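From first to last, the protein sequence lines stand for chains L and V.
Numbering-wise (the numbering used here), the first sequence opens with residue 623 and increments by one.
Numbering-wise (the numbering used here), the second sequence opens with residue 16 and increments by one.
Report on the following structure.
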Amino acid sequence: MIEPFLLRALAAGIGLAIIAAPLGAILVWNRMAYFGETVAQASLVGVALGLLLNIDVTISVVITTLAVAALLIVLGRQKLVPLDAILGLTHHGTLALGVIATALIAGPSVDLMGYLFGDVFAVTTSDLWLIYGGGAVVLAVMAWLWQPLLRVAVHEELASAEGVPSRRVRAAFIVVLALTIAIAMKIVGVLLAIAFLIVPIVAARPFAATPEGLVVTAAAVGASSVALGLTLSSNADAPGGPSIVLCMALIAGLSLAISSRR
Amino acid sequence: MTGATPADAAHDHAHHDHDHDCACGHDHGPAKAFDTAALISARGLTLLRGDRLILDHVDVDIHPGEIVTLIGPNGSGKTSLVRALLGVQDLNGGEISRVENLKIGYVPQRFDIDRALPMTVARFLALGHKAPRATLSAVLAEVGAERCIDQQLSELSGGELQRVLLARALIANPELLVLDEPVRGVDYTGEADLYALIGNLRAKRGIGVLLVSHDLHVVMAQSDRVLCLNRHICCSGVPETVAQHPEYMRLFGPETARNFGVYRHHHDHAHGLDGRELPGSHGPSSHNHDHGEPL
Chain L
623 MIEPFLLRAL AAGIGLAIIA APLGAILVWN RMAYFGETVA QASLVGVALG
673 LLLNIDVTIS VVITTLAVAA LLIVLGRQKL VPLDAILGLT HHGTLALGVI
723 ATALIAGPSV DLMGYLFGDV FAVTTSDLWL IYGGGAVVLA VMAWLWQPLL
773 RVAVHEELAS AEGVPSRRVR AAFIVVLALT IAIAMKIVGV LLAIAFLIVP
823 IVAARPFAAT PEGLVVTAAA VGASSVALGL TLSSNADAPG GPSIVLCMAL
873 IAGLSLAISS RR
Chain V
16 MTGATPADAA HDHAHHDHDH DCACGHDHGP AKAFDTAALI SARGLTLLRG
66 DRLILDHVDV DIHPGEIVTL IGPNGSGKTS LVRALLGVQD LNGGEISRVE
116 NLKIGYVPQR FDIDRALPMT VARFLALGHK APRATLSAVL AEVGAERCID
166 QQLSELSGGE LQRVLLARAL IANPELLVLD EPVRGVDYTG EADLYALIGN
216 LRAKRGIGVL LVSHDLHVVM AQSDRVLCLN RHICCSGVPE TVAQHPEYMR
266 LFGPETARNF GVYRHHHDHA HGLDGRELPG SHGPSSHNHD HGEPL
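This is the structure we're talking about:
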């Protein structure tokens with residue numbers, strides 16, 4: 623007999639793995655992994671803002687994530703330092719701000735580790751509604767935008783010349799990404815949220831011949847990692863989110879090792 | 016020119032330079048009317064980046080079945096001009112007139128697809144165009160790349176990729192083909208073959224072609240006109256005229272001008288394909304003309 627809390631954790635993790643796969647693919651193809659990492663970690667500021675204003679943390683995280691994405695786009699236009707340096711600056715600056723703000727606002731008793739690494743075993747039924755309801759919205763928008771997103775990933779200028787509204791497509795993608803990060807934060811925290819998007823794509827890449835094949839394989843890798851990670855976690859009493867991400871990383875490493883030997 | 020827009024102000028400034036710097040002697044008087052026989056007709060295209068003038072009142076016309084080669088040194092505004100003609104570049108001044116529903120096939124200068132994106136040539140060709148496989152293989156056959164149809168894009172050689180990009184540009188049956196430095200990353204024999212292929216496409220499909228070239232001393236023989244760009248159009252004409260134009264020599268140096276040659280793909284492939292001057296095979300002596308001959 624599986625404990626209900628374990629079933630909820632499993633349902634939440636598998637749901638997230640499925641939502642994350644198409645977004646992770648677009649991030650990797652556009653070489654935006656570090657961009658995703660930066661906006662995800664900045665979402666801790668959103669947590670602090672939610673606590674301060676006493677509003678739902680999901681809403682404040684979505685708003686903060688979008689604000690940071692906009693800030694990155696503006697900062698990326700300056701020509702003095704390269705974009706990865708700007709990302710590094712924003713990533714660490716907002717993380718530091720988030721940790722300080724959360725501690726000051728919520729006091730020393732705040733469960734900072736919970737926000738940073740998530741608490742997959744504390745997922746409630748209403749969290750599951752958020753994951754599956756929000757996830758359905760995310761997947762619907764991704765399905766609708768898939769062709770233009772793919773064309774922009776293949777060659778942005780060619781897509782624009784052929785009439786794809788590249789900027790609007792990218793903007794819509796960033797909104798969906800912000801929503802996904804807010805959902806993922808519940809399960810694996812701000813530090814590991816993007817791992818759910820990126821790592822399964824890396825693991826699945828050697829075994830995919832089409833873009834959609836890659837997304838489906840990545841979702842399967844993610845879901846299996848959730849099952850493996852939760853098993854590891856409940857047997858070894860290890861933290862849930864990090865156990866899942868560790869399983870993903872091991873599968874990805876194994877996958878790359880196998881493919882380089884072929 | 017008393018207009019109050021920033022573009023006009025910049026133009027006046029540039030015009031000042033023009034008088035003592037440019038030997039071309041053409042005037043930048045009031046904008047001429049659009050060429051109604053052209054597929055695309057641009058007048059007075061002006062683009063500023065910061066306070067730097069990238070394009071200065073550039074006029075371009077491309078007619079059906081015509082091959083126009085655009086040459087110019089690095090930073091001369093070639094790519095900006097191409098982007099403007101494609102309609103993806105915001106401009107500070109000027110107007111572009113296109114024939115109704117003009118379909119443009121575009122081959123970009125760089126194409127470095129991320130290896131993490133798995134995609135076959137067939138899928139790439141069909142992106143955004145729902146075409147049956149028979150159509151895809153027919154277009155690939157037209158560019159001589161039919162055997163690539165099930166290969167991954169990341170596995171193609173430079174020459175194969177160029178042909179696949181050309182096929183992609185042709186799939187929607189464009190009236191105008193725009194190729195931004197199509198021979199980059201292709202070896203010299205491949206370059207000659209590619210030029211021959213473009214000439215064939217023009218003859219078979221009757222399409223207009225705009226070819227951007229960084230290769231200053233070798234211009235495709237079938238070019239009907241060469242436009243020499245350095246922020247403004249410095250000179251234009253048939254390849255040999257441009258090569259002897261004082262403005263061309265000033266821009267690219269007498270050495271390059273002497274080495275100017277045209278591809279004659281029908282015969283003597285060997286001459287000058289390595290890009291070096293082969294005495295007696297290039298320059299004035301090669302002017303007993305076979306350029307522009309029908310295919």
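C-beta: ideal position from N, C-alpha, C; glycine also.
Keep in mind the model is a prediction, meaning the values are calculated, not measured.
Quiz item: Excluding five sequence neighbours on each side, which residues of the same chain lie with their C-beta closer than 6 Å to the C-beta of alanine 840 of chain L?
Solution: Annotation for alanine 840 of chain L: Ala643, Pro822, Ile823, Ala826 place their beta carbon closer than 6 Å to its own, counting only its chain and skipping 5 residues before and after.
Practice problem: Ignore the nearest five residues each way along the sequence and tell me which others in histidine 714 of chain L's own chain have a CB closer than 8 Å to its CB. | Solution: There are no such residues.
Self-check item: Alpha carbon of leucine 63 of chain V to alpha carbon of leucine 70 of chain V, nearest angstrom
Solution: Approximately 7 Å, taken between the alpha carbons.
Practice problem: Let me know the secondary structure DSSP gives leucine 212 of chain V once reduced to three states. | Solution: Leucine 212 of chain V sits in a helix when the DSSP states are folded into three classes.
Exercise. Answer with buried or exposed for glutamine 700 of chain L, where buried requires no fewer than 16 other C-beta atoms within 10 angstroms of its C-beta.
Key: It counts as exposed.
Self-check item: Whole-Å CB distance - isoleucine 820 of chain L paired with alanine 655 of chain L, under 8 Å assumed
Solution: So it is a contact: roughly 5 Å between Cβ atoms.
Self-check item: Among L:Phe657, L:Val679, L:Ala725, L:Val791, the one whose alpha carbon lies nearest that of leucine 694 of chain L
Solution: The candidate whose alpha carbon is nearest that of leucine 694 of chain L is L:Phe657.
Exercise. Would you decide whether glycine 755 of chain L is buried or exposed? Buried here means 16 or more other CB atoms lie within 10 Å of its CB.
Key: Exposed: under 16 other Cβ atoms inside 10 Å.
Exercise. Just the chain L side, please: which residues come within less than 7 Å of aspartate 66 of chain V by C-beta, in chain order?
Key: Under the 7 Å cutoff, chain L gives no residues; its nearest Cβ is about 15 Å from aspartate 66 of chain V.
Quiz item: Which residues in chain V sit within 8 Å of alanine 831 of chain L, going by Cβ to Cβ distance?
Solution: Close partners of alanine 831 of chain L in chain V (Cβ separation under 8 Å): Pro133, Thr135, Gln167.
Self-check item: Cβ contact (3+ pairs, closer than 8 Å) linking the region 131-139 of chain V and the region 156-167 of chain V
Solution: Contact between the region 131-139 of chain V and the region 156-167 of chain V is present: 3 or more CB-CB pairs across the two stretches fall below 8 Å.
Practice problem: For arginine 773 of chain L, decide whether its Cβ has a neighbour in chain V, counting only Cβ atoms nearer than 7 Å. | Solution: Residue-level contact by beta carbon holds for arginine 773 of chain L and chain V, with a gap shorter than 7 Å.
Quiz prompt | Best match in V:Asp239, V:Glu196, V:Ile119, V:Pro147 for proximity to glycine 174 of chain V [C-alpha to C-alpha] | solution = Selected option, being the one with the closest Cα: V:Glu196.
Exercise. Examine chain V for any beta-carbon lying closer than 7 Å to the beta-carbon of serine 877 of chain L, and answer yes or no.
Key: Any Cβ of chain V closer than 7 Å to the Cβ of serine 877 of chain L would place that residue at the interface, and such an atom is absent.
Quiz item: Listed in chain order, which residues of the region 118-129 of chain V have Cβ atoms closer than 8 Å to some Cβ of chain L?
Solution: So the list reads Ile119, Tyr121, Pro123, Phe126, Ile128, Asp129, given in the order they occur along the chain.
Quiz item: Along the region 774-802 of chain L, what residues have a CB closer than 7 Å to any CB found in chain V?
Solution: Flagged, chain order: Ala775, Val776, His777, Glu779, Leu780, Ser782, Ala783, Glu784.
Quiz prompt | Rounded C-alpha distance that separates alanine 879 of chain L from methionine 870 of chain L | solution = Approximately 14 Å between the Cα atoms of the pair.
Self-check item: Terminal residues of the beta strand (DSSP E) in which alanine 670 of chain L lies
Solution: It is not in any beta strand (DSSP E) - alanine 670 of chain L instead sits in the alpha helix (DSSP H) that spans 655-675.
Quiz item: Are the C-beta of isoleucine 873 of chain L and some C-beta of chain V separated by less than 7 Å?
Solution: Cβ-Cβ to chain V under 7 Å: no for isoleucine 873 of chain L.
Quiz item: Ordered along the chain, which non-local residues of its own chain (more than five positions away) have a Cβ less than 6 Å from that of histidine 282 of chain V?
Solution: In this prediction, histidine 282 of chain V has a pLDDT of 37, which is less than 50 and means its spatial position is unreliable; what the coordinates show is noted afterwards. Result list for histidine 282 of chain V: empty, nothing under 6 Å.
Quiz item: Near arginine 148 of chain V, what residues of its chain come up, given a Cβ to Cβ distance below 7 Å and the 5 sequence neighbours on each side ignored?
Solution: The answer, listed in chain order, is Ala137.
Quiz item: So, using beta-carbon positions, are glycine 102 of chain V and threonine 61 of chain V closer together than 7 Å?
Solution: No. Outside cutoff.
Self-check item: Interface partners of glutamine 769 of chain L on chain V, CB under 8 Å
Solution: Neighbours of glutamine 769 of chain L on chain V, chain order: Leu142, Gly143.
Quiz prompt | Sheet register partners of serine 56 of chain V (DSSP bridge) | solution = V:Asp76, V:Ser112, per the DSSP bridge assignment.
Quiz item: In chain L, which residues lie less than 8 Å from phenylalanine 49 of chain V when you measure between Cβ atoms?
Solution: Chain L residues near phenylalanine 49 of chain V: none, gap ~22 Å exceeds 8 Å.
Quiz item: Near alanine 662 of chain L, what residues of its chain come up, given a Cβ to Cβ distance below 7 Å and the 5 sequence neighbours on each side ignored?
Solution: Correct list, in chain order: Ile803, Val812, Ala815, Ile816.
Exercise. Would you verify that the beta carbon of tryptophan 751 of chain L is, or is not, closer than 7 Å to some beta carbon of chain V?
Key: No - not a single Cβ of chain V is within 7 Å of the one on tryptophan 751 of chain L.
Quiz item: In or out: glycine 807 of chain L buried (at least 16 other Cβ within 10 Å) or exposed?
Solution: The amino acid occupying residue 807 of chain L in the given sequence is methionine; glycine does not appear at that position. Buried is the call here.
Self-check item: Any chain V beta carbon closer than 7 Å to valine 650 of chain L
Solution: Residue-level contact check: valine 650 of chain L touches chain V, since one or more beta carbons of chain V fall below 7 Å from its beta carbon.
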